[in-house]
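Numbering (our numbering), first residue to last: 3 to 134. Notes follow once the structure below has been shown.
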Amino acid sequence: MSTTTAAQRRTQAKNEYNAFYAACPSRQLIARISDKWVALILCALGRGGDPQPMRFSELSRTIAGVSQKMLTQTLRSLEADGLLTRTVTPTVPVTVTYELTDLGLSLHHLVRGIKDWAEGHMDEVLEHRLSV
């Protein structure tokens, strides 16, 4: 009987993730990151190609239509997943900024590509919708 190290067990578990299986935790992650508010927040925090910290009010102004409640809930979930950090600066009034982590930045690049694709191909999609 051979023993395995913790690193080997983690590697084995990672290799077993398969989102096509109902019980796979990666399926939950896919559901979370495919949310429109998550995608738009990730894009906003990395707009212009360089990630930049943003205040809650800046995010709210940038992402039209998001409610304060939904923005708060989404930011909390992204922080819990390690995709962004929340920094509180003791000023009057208190300043709170949100910034992508390295993990969040890696996802930002993928989501930004999807956003750019959607904006670049919207006319074609609309044409196809009209022809059906």
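Backbone N, C-alpha and C fix where the C-beta goes; we use that ideal spot for every residue, glycine too. Because the structure is a prediction, the values reported are computed rather than measured.
Helix, strand or coil: how does DSSP classify residue i here?
i, result
"VAL113", "helix"
"LEU86", "strand"
"THR91", "strand"
"THR64", "helix"
"GLY106", "helix"
"CYS26", "coil"
"VAL127", "helix"
According to DSSP, residue i sits in a beta bridge with which residue or residues?
i, result
"MET56", "TYR100"
In terms of residue numbering, what span does the alpha helix (DSSP H) encompassing residue i cover?
i, result
"THR74", "70-82"
Taking C-alpha atoms, which residue in the options lies nearest to residue i?
i, options, result
"LEU86", "ASP104, GLN70, THR97 and MET72", "ASP104"
"LYS117", "ALA9, SER36 and PRO27", "SER36"
"CYS45", "GLN75, HIS111 and VAL134", "HIS111"
"THR76", "THR91, ALA21, GLN10 and LEU42", "LEU42"
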